[in-house]
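> Take this structure, written in structure tokens, and hold onto it; I'll ask about it next.
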Amino acid sequence: MKKLLVPLLLGLMLTSCKTTQHGPGGSAFQKSYESITAEDLKKHLYIIASDEMEGRETGSEGQKKAGRYMIDEYRKMGVSHPDALASYYQHVPSEALRGRRGNLPDSENILAFIKGNEKPDEVIVISAHYDHVGTRNGVVYNGADDDGSGTVALMEIAEAFKLAKNNGRGPKRSILLLHVTGEEHGLLGSKYYAENPVYPLANTVVNLNIDMIGRCDPENCGTDYVYAIGSEMLSSELKQISEATNAATQKLNLNYRYDDPNDPQQLYYRSDHYNFAKNGIPVIFYFDGIHEDYHKPTDDADKIDYELLKKRTRLIFATAWELANRDARITADRK
Numbered sequence: 013m014k015k016l017l018v019p020l021l022l023g024l025m026l027t028s029c030k031t032t033q034h035g036p037g038g039s040a041f042q043k044s045y046e047s048i049t050a051e052d053l054k055k056h057l058y059i060i061a062s063d064e065m066e067g068r069e070t071g072s073e074g075q076k077k078a079g080r081y082m083i084d085e086y087r088k089m090g091v092s093h094p095d096a097l098a099s100y101y102q103h104v105p106s107e108a109l110r111g112r113r114g115n116l117p118d119s120e121n122i123l124a125f126i127k128g129n130e131k132p133d134e135v136i137v138i139s140a141h142y143d144h145v146g147t148r149n150g151v152v153y154n155g156a157d158d159d160g161s162g163t164v165a166l167m168e169i170a171e172a173f174k175l176a177k178n179n180g181r182g183p184k185r186s187i188l189l190l191h192v193t194g195e196e197h198g199l200l201g202s203k204y205y206a207e208n209p210v211y212p213l214a215n216t217v218v219n220l221n222i223d224m225i226g227r228c229d230p231e232n233c234g235t236d237y238v239y240a241i242g243s244e245m246l247s248s249e250l251k252q253i254s255e256a257t258n259a260a261t262q263k264l265n266l267n268y269r270y271d272d273p274n275d276p277q278q279l280y281y282r283s284d285h286y287n288f289a290k291n292g293i294p295v296i297f298y299f300d301g302i303h304e305d306y307h308k309p310t311d312d313a314d315k316i317d318y319e320l321l322k323k324r325t326r327l328i329f330a331t332a333w334e335l336a337n338r339d340a341r342i343t344a345d346r347k
């Protein structure tokens, strides 16, 4: 059964695009895909997760400094913000940031946007939170994996899509790169976006959420894997597309352990994708597992596996590429 399934899924994926340029074997895709490098991810992460950013606590000057760096990089790429916003910032007021650890100051979600060529009103949202837990007793918690890894992955994915657009092969659907705040306090930035969407949720095709993809957990160290959580919860198509894309590109071990509704960690409910999922939008949550430095001051950039981070980022880009360029929008046919 498995030997028959992969070719079938590959066929579905490869024939869903009108031109070979837009397929995963096409030259436009390949150039963009290969532009995602371990060197660039490392360069950005050593800045985002540096002591200078003071642990990126929600609303802090350190978080705002990280945000300014990200925006400067988007400007260098030529990637702008949504037309509906005056800047890259979606202001999140303190009233919306009353979390499980008390009240917080005003903060911002950061939005970068690449307009689709054929179906611009249909939006692929790729998200990651850029806040972390700040400093404690004078010690900086840099959050390199949580979620510096997702933050820099979004930046590289944006650059890859922009490269394709510059070469005349931009995505058919629009791409929203959504850096959310307040995740560590209860998914507050993504909750605010879902309640105040810049693009109607009805037009949001899918959310690919990235939260910790730079390390390994004890059960999987030494293997090329990623947890892909929630891919079949709301759409019968999304998991098939994800697996076919992976088979055609990175060939990672897609681990579904946390899809088990009886799993005690309940991770499907614990990152920003859930604020999309509870609104009926199909999601995949990419995750590397719980490791020894989770929420500790030792979650530093020098402990990241940059080659594995590259592989995972390329897979997410390839999945977003397929979802953006296939003829038919995926459907949310499960409740």
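Read in order, the letters of the sequence shown are residues 13 to 347 in my numbering. Glycine included, C-beta positions come from ideal geometry on N, C-alpha and C.
Which of the three DSSP states, helix, strand or coil, is assigned to residue 195?
Of the three classes helix, strand and coil, the one that applies to residue 195 here is helix, per DSSP.
> Leaving out five residues before and five after residue 211 in sequence, what residues of the same chain have Cβ atoms less than 6 Å from its Cβ?
135, listed in sequence order.
> With a threshold of 16 other CB atoms inside 10 Å of the CB of residue 42, please say whether the residue is buried or exposed.
Exposed, since its Cβ has fewer than 16 Cβ neighbours within 10 Å.
> Thinking C-alpha only, which one of 171, 158, 78 is nearest residue 304?
When each option's Cα is compared against that of residue 304, the closest is 158.
> Within 10 angstroms of the Cβ of residue 231, are there 16 or more other Cβ atoms? Answer buried if so, exposed if not.
Label assigned to residue 231: exposed.
> Quick one: residues in its chain with C-beta nearer than 6 Å to the C-beta of residue 344, no 5 flanking neighbours on either side, listed in chain order?
These residues qualify, in order along the chain: 246, 247, 292, 294.
> Verify whether the separation of the beta carbon atoms of residue 120 and residue 162 is less than 9 Å.
No. Outside cutoff.
> I want to know whether the segment 218 to 231 touches the segment 145 to 158 - three or more CB-CB distances under 8 Å.
Contact holds: three or more Cβ-Cβ distances are below 8 Å.
> How many angstroms separate the CA atom of residue 62 from the CA atom of residue 346?
If I take the Cα positions, the gap works out to 42 Å.
> Quick check: the Cα distance between residue 56 and residue 165, rounded to an integer number of angstroms?
Spanning the two alpha carbons is a distance of roughly 9 Å.
> Since residue 205 is in the alpha helix (DSSP H), which residue starts that stretch and which ends it?
Here the alpha helix (DSSP H) through residue 205 covers 200 to 207.
> Looking only at its own chain, which residues have a Cβ that is under 8 Å from the Cβ of residue 275, when we skip the five neighbours before and after it?
The residues are 269.
> Taking DSSP as the reference, what is the three-state secondary structure of residue 102?
Reduced to three states, the DSSP call for residue 102 is strand.
> With residue 131 as the anchor, note down where its beta strand (DSSP E) starts and where it stops.
It spans 131 to 141 - the beta strand (DSSP E) in which residue 131 sits, taken as one unbroken run.
> Which value, in whole angstroms, describes the spacing of the CA atoms of residue 106 and residue 190?
Roughly 19 Å separates the two Cα atoms.
> Over what stretch of residues does the alpha helix (DSSP H) that includes residue 164 continue unbroken?
That run of the alpha helix (DSSP H) goes 162 to 178.
> Among residues of its own chain, excluding the 5 on either side of residue 229, which ones have a beta-carbon nearer than 7 Å to its beta-carbon?
If we look at residue 229 and ignore the five residues flanking it on each side, its Cβ neighbours are 300, 301, 302, 303.
> At what residues does the alpha helix (DSSP H) containing residue 248 begin and finish?
It spans 248 to 260 - the alpha helix (DSSP H) in which residue 248 sits, taken as one unbroken run.
> Please name the residue, chosen from 97, 287, 143, 88, that lies closest to residue 197 on a Cα-to-Cα basis.
Considering only alpha carbons, the answer is 143.
> Mapping the DSSP letters down to three states, classify residue 114 as helix, strand or coil.
DSSP places residue 114 in strand when its eight states are reduced to three.
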